[in-house]
Amino acid sequence: MLRRRLATAALLALTVAASGCAVVKDHKVKVTLQKTPPIHLAVIPKSVGLDYWTKVHEGATCAASQMPGVQVTWNGVTDETDVVGQLNLLNNYIGEGVNGLVYAATDATAMNEVSNNATKAGIKVVSIDSGTTPQPSNVPLIATNNIAGAKLAADQLAKAIGPAGGKIAIIAFHAGSQTNDQRVQGFEAELKKYPKLHLIGVQYSQNDYNTALTVTANILTANPDLKGLFAANEASDVGAVEAVRIAHRAGKVRIIGWDTSPDEVDGVKQGLVAGLISQDPFRMGYDGVRAAAQLLRHQQRPANENTGAVMVTKADLNNPVVRQFVTPRCGSPRQVDVG
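So for the sequence shown, the numbering used here puts the first residue at 606; every next one is plus one.
This is the structure:
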């Protein structure tokens, strides 16, 4: 009996002890979850309206959609030659205090000061498509290797014209733009390999279809024996193709264009264009936004990036690699850079 009472007493003691533990006041510990600070990026193309810049926009918004807290504002002038307009736009965003600028410089020299002023204000800057002269060491450049792409264009034009060679011309777009100047430079350098191709001059479309049509028509009139044209961007190419068609010289004047808008691709399908240099504007917008976020969140400067370029001929239109350049998708951006 004594043992039973002792056991009962021990059990009661344990129960009281356990109950005592249960009623001790709970000292709550406040845990603060650190949220990733929001990022506001202004993404500024050279201009709005062209298919090329629409793809840059799609890439930028795709990247932002995959990174919580990243907001993208897209804005641009309507004419790539409007250097003052872009300058004012960029300065406005600096004044507003955005966290980052991702932009393509309409003029390499004029925009250098903008990049420097932005970084002094604590704003991170990423150049896409076109950088500045000089390019600040803390500003990464995500762009096509335009010199290499233009050399591809020269090689393809020489192949399309054939060994007899002949007169050729360049329809460029905007002197002072880094992309324009590098394309002309690369094309002219590669021409040294083809002594039978004679460059008669460089004309500028000012990134305008009608101007491209007019200057090409004038070249055709003055040079009835013209054999080829290198049209260095979308507006230049579409205008040049139309001028050649109106002059009934399609197939006689071989054209190499740049970029792959629907109108340009139609020109390839119809045999009016011998080839197009396809860039990856989607990748520029996508990686430009990601680079800016990396600068802001990790204070780490991404490396400069060559986003690649490929030659697109009629035979290449169904090539899977080419399709990723021409018709990119947010769910499956191109994984391997080419060029």
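Using N, Cα and C, we set each Cβ at its ideal position, and we do this for glycine too.
task: Below 8 Å on the Cβ atoms is my guess for residue 883 versus residue 914; work out the distance and round it to an integer in Å.
output: For this step, residue 883 is matched to residue 278 along the sequence shown. For this step, residue 914 is matched to residue 309 along the sequence shown. Right, the Cβ-Cβ distance comes to about 6 Å (below 8 Å), so this counts as a contact.
Exercise for the section: Tell me, please, whether the region 807-817 touches the region 749-764 by the rule of three or more beta-carbon pairs shorter than 8 Å. Expected result: With a cut-off of 8 Å, the region 749-764 and the region 807-817 do not count as touching, because too few Cβ pairs lie within range.
Taking the alpha carbon of residue 879 as the point to measure from, which residue in 890, 832 and 907 has its own alpha carbon closest? Residue numbering aside, residue 879 sits at position 274 when the sequence shown is read from its first letter. Checking every option, the nearest Cα to that of residue 879 belongs to 832.
Q) Which residue's Cα is closest to the Cα of residue 896: 865, 743 and 932? A) By one-based count along the sequence shown, residue 896 stands at place 291. Cα-wise, what sits closest to residue 896 is 743.
Note to self: With the cut-off set at 7 Å, would you say residue 877 and residue 862 are in Cβ contact?
What the structure shows: Residue numbering aside, residue 877 sits at position 272 when the sequence shown is read from its first letter. Residue numbering aside, residue 862 sits at position 257 when the sequence shown is read from its first letter. Going by beta carbons, residue 877 and residue 862 fall outside the 7 Å limit.
Using the three-state DSSP reduction, which class does residue 666 fall into: helix, strand or coil?
Numbered from its first residue, the sequence shown carries residue 666 at position 61. Residue 666 carries a helical assignment under DSSP once its states are collapsed to helix, strand and coil.
- Query: Of the residues 733, 654 and 770, which one's Cα is nearest the Cα of residue 746?
  - Reply: Within the sequence shown, residue 746 is the residue found at index 141, counting from 1. Minimum Cα distance to residue 746 is reached at 733.
query: Counting along the chain, where does the beta strand (DSSP E) carrying residue 840 start and finish?
result: As a working note, residue 840 is residue 235 in the sequence shown. Taken as a continuous stretch (DSSP letters only), residue 840 belongs to no beta strand (DSSP E), being part of the alpha helix (DSSP H) at 839-851.
**Message:** Among 774, 843 and 869, whose alpha-carbon lies nearest the alpha-carbon of residue 827?
**Reply:** On the sequence shown, residue 827 is found 222 positions in, with the first residue counted as 1. With distances taken between Cα atoms, residue 827 lies closest to 774.
Report task. Tell me, please, which residues DSSP counts as bridged to residue 676. Result -> Looking up residue 676 in the sequence shown gives position 71. Beta bridge pairing from DSSP links residue 676 with 645.
What are the start and end residues of the beta strand (DSSP E) that includes residue 835? Taking the sequence shown and counting its residues from 1, the one referred to as residue 835 is at position 230. Where residue 835 is concerned, the enclosing beta strand (DSSP E) stretches over 831-836.
Review point. Where does residue 571 fall in DSSP's three states?
Key: Not covered by the structure: residue 571. The range shown for the chain is 606 to 944.
Checklist entry - Does the Cβ of residue 639 have 16 or more other Cβ atoms within 10 Å, making it buried, or fewer, making it exposed? => result What you label residue 639 is simply residue 34 of the sequence shown in a count that begins at 1. In this prediction, residue 639 has a pLDDT of 49, which is less than 50 and means its spatial position is unreliable; what the coordinates show is noted afterwards. Its Cβ having fewer than 16 others within 10 Å, residue 639 is exposed.
**Q.** residue 910 in three-state terms, based on DSSP
**A.** The residue given as residue 910 occupies position 305 in the sequence shown. For residue 910, the secondary structure class from DSSP, reduced to helix, strand or coil, is strand.
Where DSSP assigns a beta bridge to residue 777, which residues make up the other side? To locate residue 777, count along the sequence shown from 1; it is residue 172. The beta-bridge partner set that DSSP reports for residue 777 consists of 809.
Less than 7 Å separating the beta-carbons of residue 821 and residue 845?
As a position in the sequence shown, residue 821 is number 216, starting the count at 1. As a position in the sequence shown, residue 845 is number 240, starting the count at 1. A contact, by the Cβ cut-off of 7 Å.
(message) Cutting at 6 Å between CB atoms, please list the residues of its own chain near residue 711, excluding the five before and the five after it.
(response) Working through the sequence shown from its first residue, we reach residue 711 at position 106. Exclusion of the five residues before and after residue 711 leaves 651, 685, 688 and 691 as the residues of its chain whose Cβ lies within less than 6 Å of its Cβ.
**Study point:** Local Cβ density within 10 Å of residue 888, reported as buried at 16 or more and exposed below that
**Key:** Numbered from its first residue, the sequence shown carries residue 888 at position 283. Burial call: buried.
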